[in-house]
Amino acid sequence: MSYHNPHTPPRKSATFDDHTLAEIRRAAATGIYDIRGAGTKRKVPHFDDLLFLGASISRYPLEGYREKCDTTVVLGSRFAKKPITLKTPITIAGMSFGALSGNAKEALGRGATLAGTSTTTGDGGMTDEERGHSQTLVYQYLPSRYGMNPKDLRRADAIEVVVGQGAKPGGGGMLLGQKISDRVANMRNLPKGIDQRSACRHPDWTGPDDLEIKIMELREITDWEKPIYVKVGGARPYYDTALAVKAGADVVVLDGMQGGTAATQDVFIENVGMPTLACIRPAVQALQDLGMHRKVQLIISGGIRSGADVAKALALGADAVAIGTAALVAIGDNDPKWEEEYQKLGTTAGAYDDWHEGKDPAGITTQDPELASRLDPIAAGRRLANYLKVMTLEAQTIARACGKNHLHNLEPEDLCALTMEAAAMAQIPLAGTNWYPGKGGF
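This is the structure:
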């Protein structure tokens, strides 16, 4: 005979929590896996677990805004005849026309141009609006090859060969039929209204030797003018970075698991890849071992939200960062002013991630002309530019406090870690010690 104290509330399982139970029931009822956008929602070690050690007596800070702290970055100086110079090391990650509305793509181009940085096409090809409003545009070359043609390769300012993405390393993207409009179908050479799944690997090469040949082809097509980036998802950052350098990349883009996606399996987003924080130091180590650190530039993406995140990524050895989800929020995504409509979709503004359905009330992740018209690309571009400006100023503020006259002068020595996990991943001493897991002694 068992006895239950009526004054003790029922105890739920930590393993079978409410979300897990709901997902089991959903899977049992439908027989299909869950698809969504955005990035991982589980809590993993991140930049919040690091702190800067500002200057005092042992270090000399720079004075406010009177002493210069440079933020410029040059990308692609290894082989390209025309490397890119940006005013800020914060770039806009690849997000496709198809996943995003035309107005959203235009807003990203406008905002990036006002801030003096670059934006990226994403899968699905280059639109005239995006090229026209982006002073510096990176063209993504993906396994799908949607919209790829030599003319647009030459119109771009750089080319990014996408091998993997942080939200789904080893997997391809999805674009459901409701977002494949006449224009999207024409650009991608697809039937209108039919679900599309991008390939998970390039059709004409399987390894780094083949990648080297592909990079040479792209250089020949563009007369060696354009920097060639190689983007990888955060899974085996040391070896992937080393092999990208061996293949001839000018820039390596490394995307951690907090990076977003337009649509993929939820099980992929939550269970594949590594936290961004765990990816940076192995990639930097690979560049250092090859004598290529700062010669081949490293761009970090996946969960960058603030100038503090930017400064921490650069202190760990990155040259620049890329933002995606944060840029969408800046131009108006998940805005509480549309809360009533989010509620009708069965969600809330702060949690909306059904980007694949094409019903975004903010008019950003949709191809519905009525919804897309809600986004003013000019005003949204200004908001993005403001956000990029604030992030840059925040990063400068931190750098000055550490006595640095350029963001690239930040270094691991300027950081400490709050948790054992962050200390181990970033190889940064635990606060109050000179030790991190894996390093001998205290």
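Sequential numbering of the sequence shown, starting at 13, is according to my numbering. Don't be surprised by glycine CBs; every beta carbon is placed ideally from N, CA and C.
Taking Cβ to Cβ, would you say L98 is nearer than 8 angstroms to G128?
-> Yes, the pair counts as a contact, with Cβ atoms nearer than the cut-off.
Can you check DSSP and say which residues form a bridge with I104?
-> Per DSSP, the beta-bridge partners of I104 are I335.
What is the DSSP secondary structure of R231, counted as helix, strand or coil?
-> The DSSP-derived three-state label of R231 is helix.
Contact belief for M199 with Y158 at Cβ below 8 angstroms, rounded distance in angstroms = Confirmed, about 7 angstroms.
Please name the residue in T431, T377, A443, P424 whose C-alpha comes closest to that of Q463.
-> The question about residue 463 has no answer here: the residues shown for the chain are numbered 13 through 454.
In chain order, what residues of the same chain lie with their CB nearer than 6 angstroms to the CB of D345, ignoring the 5 residues before and after it?
-> Answer for D345: A374, I376, listed in chain order.
Drop a sphere of 10 angstroms on the beta-carbon of G464, count the other beta-carbons inside from all chains shown, and report buried for 16 or more, exposed for fewer.
-> For residue 464 there is no data in the structure shown, the boundaries of the chain being 13 and 454.
Can at least three beta-carbon pairs, one atom from the region 255-264 and one from the region 228-241, be found at a separation below 8 angstroms?
-> Below 8 angstroms, enough C-beta pairs join the region 255-264 and the region 228-241 to call them touching: three or more.
Contained alpha helix (DSSP H) runs [length at least 4] in the region 306-376, N- to C-terminal order = Counting whole runs of 4 or more residues, the region 306-376 contains the alpha helix (DSSP H) stretches 319-327, 337-343, 351-356.
Between which two residues does the alpha helix (DSSP H) harbouring G144 extend?
-> Here the alpha helix (DSSP H) through G144 covers 140-145.
Would you please verify whether the beta carbon of H420 is less than 8 angstroms from any beta carbon of chain D?
-> Although the question refers to chain D, the structure presented lacks it and comprises just one protein chain.
In three-state DSSP terms, what is V279?
-> Helix.
Across which residues does DSSP place T97 in a beta bridge pair?
-> In DSSP, T97 forms a bridge with V86.
Around the C-beta of K117, are 16 or more other C-beta atoms found within 10 angstroms, so that it is buried, or is it exposed?
-> So K117 ends up on the buried side.
Alpha carbon to alpha carbon, how far is G336 from T32? Give it in angstroms, no decimals.
-> Here the alpha carbon of T32 sits roughly 28 angstroms from the alpha carbon of G336.
Per-residue DSSP class, three states only, for F454 = Annotation note: pLDDT 45 at F454 (below 50); position unreliable, coordinate value reported separately. Taken through DSSP and simplified to helix, strand or coil, F454 comes out as coil.
Kindly identify the DSSP beta-bridge partner or partners of F64.
-> In DSSP, F64 forms a bridge with L427.
Which residues in the same chain have their Cβ closer than 8 angstroms to the Cβ of V402, if we skip the five residues on either side of it in sequence?
-> If we look at V402 and ignore the five residues flanking it on each side, its Cβ neighbours are G319.
Ignore the nearest five residues each way along the sequence and tell me which others in E282's own chain have a CB closer than 8 angstroms to its CB.
-> If we look at E282 and ignore the five residues flanking it on each side, its Cβ neighbours are T52, K53, R54.
Please say whether G49 and T288 have beta carbons closer to each other than 8 angstroms?
-> No; because the gap between Cβ atoms is not below 8 angstroms, this pair is not in contact.
Can you round the beta-carbon distance between I104 and T139 to whole angstroms, since I take them to be within the 8 angstroms contact cut?
-> Between T139 and I104 the Cβ distance is about 15 angstroms, and since that is not below 8 angstroms, they are no contact.
Hey, quick one: how far does the beta strand (DSSP E) through V265 stretch, first residue to last?
-> Run containing V265: 263-267, per the beta strand (DSSP E) assignment.
Tell whether a beta-carbon distance below 8 angstroms holds between V322 and P101.
-> Going by C-beta atoms, V322 is nearer than 8 angstroms to P101.
Selected residue, minimal CA-CA separation from D46, among A170, S313, M107, E369 | When each option's Cα is compared against that of D46, the closest is E369.
For H418: DSSP bridge partner residues = DSSP output for H418 lists D82 as bridge partner(s).
Quick one: residues in its chain with C-beta nearer than 7 angstroms to the C-beta of C291, no 5 flanking neighbours on either side, listed in chain order?
-> Excluding sequence neighbours, C291 sits near G246, P249, L266, G268.
Compare the C-alpha of L387 against each of P22, A327, L112 and name the closest.
-> L387 has its Cα closest to that of L112, out of P22, A327, L112.
Using only alpha-carbon positions, find the residue among C428, E406, L422, Q439 that is nearest to Y77.
-> If we check each option's Cα against that of Y77, E406 comes out closest.
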